[in-house]
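A.B. asks:
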Amino acid sequence: MPLPARARPLRLRALVLLLAVAGCACLLAALPARAAAEPSAVLALMPLSPDTPAGVEPLPDQEPPEGAGLPEVLGYLNGHPEFALGAISATQSGYSQVQALLDITAGTRTSKSTYDPSTPPSLRFVQDGDGGLIVDWISAVLRADSAPADITPGLLASSIPGGVGYVGIDEQPNLEAVAAANRDGAIPSVSIGPGWSVALRVKEMLREHRFVVALLPPGFDGDRQLDQLIADRAPDQLLIAEQAPPPFRGPQLLWAGIAGLREGSGGSFTSATTHLDGVAAGIDLLPTVLDHLGVEVPDGVRGQQIRLSGTRDAAVIHDLDDRLSVISARRMPALQTFLYTWLAVVLLAGIVRDRAGVRYALRLGGLAMMWLPFMVLVTAAFAPSRQAELFTLAGGCFLLALLTDRLVPWPRGPAVPAIAGLLAYAADLVNHSHLIIRSLLGPSPRSGSRFYGLGNELEIVLTVLLLIAIAAALRRRERTRGGAIAFVLGGIVLAAVMGSGRLGADVGGIFTVAGGAAVATLLMLPGGVTKKALGIAALTPLAGLAALAAIDLVSSGDGHFTRTVLHGSVSDQIDTFERRYTLAWNILKSGYAPLLLFLCILAVTYAYKYRRRIYGLRVEADPVWRACLFGGLGAAVSGSLFNDSGPVLLFIGVVALVFLTTYLRAGPDGPAAAGAAPPGETGTAAPPAPVPAAP
44 MPLPARARPL RLRALVLLLA VAGCACLLAA LPARAAAEPS AVLALMPLSP DTPAGVEPLP
104 DQEPPEGAGL PEVLGYLNGH PEFALGAISA TQSGYSQVQA LLDITAGTRT SKSTYDPSTP
164 PSLRFVQDGD GGLIVDWISA VLRADSAPAD ITPGLLASSI PGGVGYVGID EQPNLEAVAA
224 ANRDGAIPSV SIGPGWSVAL RVKEMLREHR FVVALLPPGF DGDRQLDQLI ADRAPDQLLI
284 AEQAPPPFRG PQLLWAGIAG LREGSGGSFT SATTHLDGVA AGIDLLPTVL DHLGVEVPDG
344 VRGQQIRLSG TRDAAVIHDL DDRLSVISAR RMPALQTFLY TWLAVVLLAG IVRDRAGVRY
404 ALRLGGLAMM WLPFMVLVTA AFAPSRQAEL FTLAGGCFLL ALLTDRLVPW PRGPAVPAIA
464 GLLAYAADLV NHSHLIIRSL LGPSPRSGSR FYGLGNELEI VLTVLLLIAI AAALRRRERT
524 RGGAIAFVLG GIVLAAVMGS GRLGADVGGI FTVAGGAAVA TLLMLPGGVT KKALGIAALT
584 PLAGLAALAA IDLVSSGDGH FTRTVLHGSV SDQIDTFERR YTLAWNILKS GYAPLLLFLC
644 ILAVTYAYKY RRRIYGLRVE ADPVWRACLF GGLGAAVSGS LFNDSGPVLL FIGVVALVFL
704 TTYLRAGPDG PAAAGAAPPG ETGTAAPPAP VPAAP
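So for the sequence shown, the working numbering puts the first residue at 44; every next one is plus one.
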């Protein structure tokens with residue numbers, strides 16, 4: 044039945060009202076859905092309690108106190124199963140609180156010594172209306188410009204549309220606000236209030252900004268705020284809870300937990316910067332946050348995206364940090380213990396056997412030093428206490444040297460420790476260098492310079508071991524094509540292992556190995572050194588780099604060489620070149636380096652001038668040992684020229700050759716057994732005297 048005329052307007056009004064209500068409902072429903080679909084990120088910085096036992100880090104030459112390692116924040120993070128656990132490498136080389144925060148904002152870092160000045164400025168946060176400013180920010184920018192790298196403080200906040208918000212705590216310095224500053228040192232939105240309201244204010248700040256940096260109160264109060272942040276976390280929100288960089292001295296690994304990572308699997312995290320489960324770098328936060336927000340990562344950023352990897356085990360991560368924290372403090376005491384042990388052996392042998400005993404003890408010490416690279420991997424596997432490690436290293440080296448000298452006739456004994464060391468390091472590199480990074484000769488992940496593979500010190504050590512292994516193992520003791528091929532093949536294999544991004548990841552090692560193997564090969568050629576052979580030897584490093592590029596491309600080795608050289612721009616390559624030689628020059632002119640360089644030159648000159656007196660006719664006339672010794676010197680020189688450690692490699696190489704010389708000279712029929720040559724005779728040695736062989 045048709046409606047009355049008066050009811051039609053009412054019906055029309057009701058229909059319009061119904062459509063309006065439905066439209067508003069759809070609009071309101073759509074707005075939260077769109078906001079929820081837009082990813083966000085929060086960086087919550089957790090400071091240590093004022094009464095934390097590990098209040099300060101040890102100086103580089105001190106052993107840290109028992110229980111050091113800053114477990115407080117890790118304990119809180121471990122109580123939240125939502126987090127993937129790990130540690131963040133704060134800075135590269137020298138640590139400072141300000142530098143750690145600046146590195147987060149830049150996504151790129153370099154060694155402290157390449158900055159001018161080397162120490163970052165004393166920044167300070169001030170609130171300016173609804174926003175904030177970092178005082179003396181211009182000094183940080185100018186200092187970054189002085190470094191041989193593309194470093195832009197504030198790049199993280201400037202890359203995010205709308206900037207970054209900061210939530211701080213009243214009556215605190217709020218230096219952590221540096222992590223939220225843009226390229227001008229400004230923070231558009233700041234909320235300063237009581238510690239109990241941090242999580243609430245972060246939730247409000249996220250309505251205006253997609254990324255928020257927040258300072259939590261220390262201790263249990265901060266953990267309660269973290270509980271609330273986890274409860275408020277949206278499914279598409281990245282929540283990074285990291286220990287706030289402390290105002291300590293010494294290298295730092297900062298505990299961290301991350302929820303919302305999209306790539307990888309596991310209960311801990313890593314990145315291509317470190318290739319180490321449970322460890323990422325501070326510069327990795329920038330690409331991780333920007334990628335999560337869907338923002339393009341700027342060119343020049345060297346940090347890599349953090350991904351899930353490994354199992355979730357806070358104890359394992361803590362144990363790793365404990366081990367890494369003692370490595371640098373034990374290196375010099377370990378060497379001193381070894382030398383004192385050698386001195387004791389020499390004195391004891393001299394008392395028992397007179398000159399023959401001293402000669403035997405000297406030979407034993409030279410052989411024991413060749414066992415040292417192998418033994419540091421053994422102690423790394425057990426991570427003993429300080430005293431146990433020092434005495435195990437010294438005692439183990441001399442015990443193995445004693446057995447080697449008893450079972451293998453002189454001068455072939457060095458082949459045993461050299462081959463054992465090379466095989467052990469190759470096996471551990473295949474196993475992701477778990478023992479190498481924990482050894483006293485390994486790199487320093489805690490200092491942020493290298494997290495896996497081989498450091499510069501090991502590259503020269505392994506190169507000399509290779510030359511010794513080949514020289515001691517060759518049966519024919521004259522110049523032969525087969526001997527030359529042995530040095531070539533050995534150099535190729537070691538260079539591939541050392542330089543591959545999936546193994547040693549040490550590009551500079553290519554030049555070190557190539558220099559040593561090329562010199563040894565030239566001296567082993569039956570026809571002598573020719574112009575053609577010299578030309579081929581000069582091109583060897585370039586051929587090695589080309590081969591390394593092919594290996595990394597085929598194996599997808601994501602190392603520094605692949606990212607900076609193969610995929611980097613010309614500017615990146617120039618920065619790398621400048622940075623390496625800036626570091627080398629700084630090392631050369633600092634401390635005792637000039638004196639050590641002078642001593643190395645004197646030692647090499649003396650050994651060459653009096654080579655027959657030092658080595659005796661048997662060794663000096665042996666072309667294989669001559670190739671080994673000159674090859675070791677060539678490796679030390681080329682390594683010093685093409686690595687950022689500079690003269691350090693020359694010093695290590697010369698010291699290694701001194702120990703080899705000690706072994707060769709103190710043989711049963713070596714020059715030490717025959718006595719010194721008469722004064723003034725530099726080209727001949729006295730004939731062997733009928734001295735009984737040492738045991």
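Every residue, glycine too, gets a C-beta built ideally from N, C-alpha and C.
Is it the case that the Cβ atoms of arginine 152 and aspartate 146 are separated by a distance below 8 Å?
C.D. replies: As a first step, residue 152 must be located in the sequence shown, where it is residue number 109. As a first step, residue 146 must be located in the sequence shown, where it is residue number 103. Yes, these two residues count as a Cβ contact at 8 Å.
A.B. asks: Since glutamate 768 sits in a beta bridge, which residues does DSSP pair it with?
C.D. replies: The displayed coordinates of the chain run from 44 to 738. Any statement about residue 768 would go beyond what the structure contains.
A.B. asks: Exposed or buried, which one is valine 204 when buried takes at least 16 other CB atoms within 10 Å?
C.D. replies: Counted from its first residue, the sequence shown places residue 204 at position 161. The sequence as given places proline at residue 204; valine does not occur at that position. By the 10 Å Cβ count, proline 204 comes out exposed.
A.B. asks: With distances taken between CB atoms, is the gap from glycine 498 to glycine 485 smaller than 8 Å?
C.D. replies: As a working mapping, residue 498 is identified with position 455 in the sequence shown. As a working mapping, residue 485 is identified with position 442 in the sequence shown. In this structure, glycine 485 lies closer than 8 Å to glycine 498 by Cβ.
A.B. asks: Using only alpha-carbon positions, find the residue among Pro376, Ala372, Ala302, Val340 that is nearest to leucine 351.
C.D. replies: By one-based count along the sequence shown, residue 351 stands at place 308. Here the closest residue by C-alpha is Ala302.
A.B. asks: Check for me: the alpha helix (DSSP H) holding tyrosine 658 runs from which residue to which?
C.D. replies: The count along the sequence shown starts at 1 and reaches residue 658 at position 615. Where tyrosine 658 is concerned, the enclosing alpha helix (DSSP H) stretches over 654 to 663.
A.B. asks: Please name the residue in Arg186, Ser688, Thr705 whose C-alpha comes closest to that of proline 164.
C.D. replies: Position 121 of the sequence shown, counted from the first residue, corresponds to residue 164. With distances taken between Cα atoms, proline 164 lies closest to Arg186.
A.B. asks: Using a 10 Å radius around the Cβ and a threshold of 16 neighbouring Cβ atoms, would you call arginine 708 buried or exposed?
C.D. replies: Here residue 708 refers to the residue found at position 665 when the sequence shown is read from its first residue. Result: buried.
A.B. asks: Report the three-state DSSP secondary structure of glycine 211 (helix, strand or coil).
C.D. replies: The count along the sequence shown starts at 1 and reaches residue 211 at position 168. Glycine 211: strand per DSSP, three-state reduction.
A.B. asks: Sorted by chain position, which residues of the same chain lie with C-beta nearer than 8 Å to leucine 433's C-beta, five sequence neighbours on each side aside?
C.D. replies: Counting from 1 along the sequence shown, the entry for residue 433 is found at position 390. If we look at leucine 433 and ignore the five residues flanking it on each side, its Cβ neighbours are Arg373, Pro376, Ala377, Thr380.
A.B. asks: Nearest to alanine 220 by CA position, among Ser202, Gly197, Trp239, is which residue?
C.D. replies: For this step, residue 220 is matched to residue 177 along the sequence shown. Alanine 220 has its Cα closest to that of Gly197, out of Ser202, Gly197, Trp239.
A.B. asks: If I follow the unbroken beta strand (DSSP E) through phenylalanine 425, where does it start and stop?
C.D. replies: Here residue 425 refers to the residue found at position 382 when the sequence shown is read from its first residue. Counting along the chain, phenylalanine 425 falls outside any beta strand (DSSP E), though it belongs to the alpha helix (DSSP H) covering 357 to 425.
A.B. asks: Comparing the CB of leucine 645 with every heavy atom of the ligand PLP, is any distance shorter than 7 Å?
C.D. replies: Questions concerning the ligand PLP fall outside what the structure shown contains, since it holds no ligand whatsoever.
A.B. asks: Name, in chain order, the residues that DSSP records as bridge partners for glycine 205.
C.D. replies: As a working note, residue 205 is residue 162 in the sequence shown. None, per the DSSP bridge assignment.
A.B. asks: Identify whether leucine 443 lies in helix, strand or coil by the three-state DSSP scheme.
C.D. replies: For the purposes of this step, residue 443 is taken as the residue at position 400 of the sequence shown. Correct three-state label for leucine 443: helix.
A.B. asks: Whose C-alpha, out of Val322, Ser311, His318, Gln348, is nearest the C-alpha of leucine 329?
C.D. replies: Here residue 329 is taken as the residue at index 286 of the sequence shown, counted from 1. When only C-alpha atoms are compared, the closest one is Gln348.
A.B. asks: Considering only the alpha carbon of each residue, which of Leu446, Leu478, Asp193 lies closest to glycine 343?
C.D. replies: Your numbering for residue 343 matches position 300 in the sequence shown. Ranking the options by Cα distance to glycine 343, first place goes to Asp193.
A.B. asks: State the CB to CB distance for the pair glycine 689 and leucine 676, rounded to an integer number of angstroms; the pair is presumed to be in contact (CB under 8 Å).
C.D. replies: The residue you call residue 689 lines up with position 646 of the sequence shown. The residue you call residue 676 lines up with position 633 of the sequence shown. The Cβ separation is near 16 Å, so there is no contact.
A.B. asks: Under the assumption that serine 92 contacts glycine 262 (Cβ atoms under 8 Å), give the Cβ distance between them as a whole number of angstroms.
C.D. replies: Taking the sequence shown and counting its residues from 1, one reaches residue 92 at position 49. Taking the sequence shown and counting its residues from 1, one reaches residue 262 at position 219. Sure, about 4 Å apart at Cβ, within 8 Å.
A.B. asks: Mapping DSSP to helix, strand and coil, what is isoleucine 230?
C.D. replies: As a first step, residue 230 must be located in the sequence shown, where it is residue number 187. It is a strand residue.
A.B. asks: Compute the distance between the beta-carbons of leucine 691 and alanine 646, then report whether it is under 8 Å.
C.D. replies: Within the sequence shown, the letter at position 648 stands for residue 691. Within the sequence shown, the letter at position 603 stands for residue 646. Before going further, note that residue 691 is valine rather than leucine in the sequence given. No, these two residues do not count as a Cβ contact at 8 Å.
A.B. asks: Going by DSSP, which residues form a beta bridge with threonine 648?
C.D. replies: On the sequence shown, residue 648 is found 605 positions in, with the first residue counted as 1. Per DSSP, none; premise fails for threonine 648.
A.B. asks: Could you tell me whether any Cβ in chain C is nearer than 8 Å to the Cβ of leucine 443?
C.D. replies: Within the model displayed, chain C is absent; a lone protein chain is all it includes.
A.B. asks: Let's test the definition: count the other Cβ atoms within 10 Å of the Cβ of arginine 518 and tell me whether it reaches 16, buried, or not, exposed.
C.D. replies: On the sequence shown, residue 518 is found 475 positions in, with the first residue counted as 1. The residue in question, arginine 518, is exposed, as its Cβ has fewer than 16 Cβ neighbours within 10 Å.
A.B. asks: Can you round the beta-carbon distance between lysine 403 and alanine 392 to whole angstroms, since I take them to be within the 8 Å contact cut?
C.D. replies: Taking the first residue of the sequence shown as position 1, residue 403 is located at position 360. Taking the first residue of the sequence shown as position 1, residue 392 is located at position 349. It is tyrosine, not lysine, that sits at residue 403 in the sequence shown. Indeed they touch by this definition, with Cβ atoms about 6 Å apart.
A.B. asks: Given asparagine 121, which residues of its chain have a CB within under 6 Å of its CB, disregarding the five upstream and five downstream residues?
C.D. replies: The residue labelled residue 121 in the question sits at position 78 within the sequence shown. These residues qualify, in order along the chain: Ala357.
A.B. asks: Return the residue from the list Val85, Leu282, Ala664, Ala467 that minimises the CA-CA distance to valine 210.
C.D. replies: Taking the first residue of the sequence shown as 1, we reach residue 210 at position 167. Nearest C-alpha to valine 210: Val85.
A.B. asks: So for threonine 313, helix, strand or coil by DSSP?
C.D. replies: Along the sequence shown, one-based indexing puts residue 313 at 270. It is a strand residue.
A.B. asks: Helix, strand or coil for serine 83 per DSSP?
C.D. replies: Taking the sequence shown and counting its residues from 1, the one referred to as residue 83 is at position 40. Strand at serine 83.
A.B. asks: Is leucine 176 helix, strand or coil by DSSP?
C.D. replies: What you label residue 176 is simply residue 133 of the sequence shown in a count that begins at 1. Of the three classes helix, strand and coil, the one that applies to leucine 176 here is strand, per DSSP.
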